[in-house]
Each structure stands twice: as C-alpha cells, then as structure tokens.
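A.B. asks: Quick one: structure below, then a few questions.
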Amino acid sequence: MDTLFRERFRVIALYDAYGQMLTVHQRMLLRLYYLRDLSLGEIAERLEVSRQAIYDSVRRSVDELERLEHSLHALERRRIITERTAALEGTIKALNGKVDQKTLDHLLDHVAAIRKTAS
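Everything in the sequence shown is counted per our numbering, starting at 1 for the first residue and increasing by one.
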C-alpha cells in the first residue's frame, strides 16, 4: 500500500473517530478533500479563497485529529479490540463439538455484538 493511500486511510479513520470534535468548517473541508476527493484548488474555487488557505486549514485539521488520537487513543483501542475479538472468535469456534451448538451460537452472537460496537 503506498504512502498516500495509507495517509488518506488514516485521516478518514481519524475523522470517523474524532470528526465531531472539529469545527463545522474543519469537518466540511476534510469531507470535501478526503471523502469527496476534491482537489485543494477545486475547494478553494468553491469557497472563493486561495489554494494555500485551504491547504493550511486542511493541514491544521489533520494535525488536530492526530493530536486527539495521541491523547485519546481511539484508533489504537479499536485495533486491539478487533484483534482480541478475532482471537476470541477462533477460540469459540475451536469449541465446536465440545459444547452444544446453542451455546456456541450464543457466544458467537456476543462476539458479533462486540465487533459491531467497536466499529
């Protein structure tokens, strides 16, 4: 995976985790740039400001998302929950034949609920 794609994916994940903590303007800029894939020039033209102003605002917004992740660790916690949930699911599936199917299904339902909550 190339660096630009990785960075874009990370910013989108950060936006999902912390977007509501940004200003309305910051959220709009990040949605236009990262989610709608508009260029800095296209955004600048729409908002009637300079490309540099958009670049600076997007950069500051991303920096704020990174600062929030550094303090709150939501992405890291989500990654850990995902890994541990997968391991738990594997352990439960290994119980097949050792416990009744109803119990297995019940445990797997709980794993699915945890996975849904973590995403």
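C-beta atoms are modelled at their ideal positions from N, C-alpha and C, and glycine is treated no differently.
For D56, is the beta carbon positioned less than 7 Å from some heavy atom of the ligand NAP?
C.D. replies: Summarising the ligand content, the structure contains no ligands, and the ligand NAP is consequently not present.
A.B. asks: Thinking just about the alpha-carbon of each residue, which of E42, T82 and R36 is nearest to the one in I12?
C.D. replies: Closest option to I12, Cα to Cα, is R36.
A.B. asks: Which value, in whole angstroms, describes the spacing of the CA atoms of S39 and I92?
C.D. replies: Their Cα atoms are separated by approximately 47 Å.
A.B. asks: Is the number of C-beta pairs between the segment 12 to 21 and the segment 57 to 68 that are closer than 8 Å three or more?
C.D. replies: Contact holds: three or more Cβ-Cβ distances are below 8 Å.
A.B. asks: Buried or exposed for I184, going by 16 or more other Cβ atoms inside 10 Å?
C.D. replies: With the chain represented from 1 up to 119, any question about residue 184 goes unanswered, as that position is not in the structure.
A.B. asks: Is DSSP giving V11 helix, strand or coil here?
C.D. replies: V11: helix per DSSP, three-state reduction.
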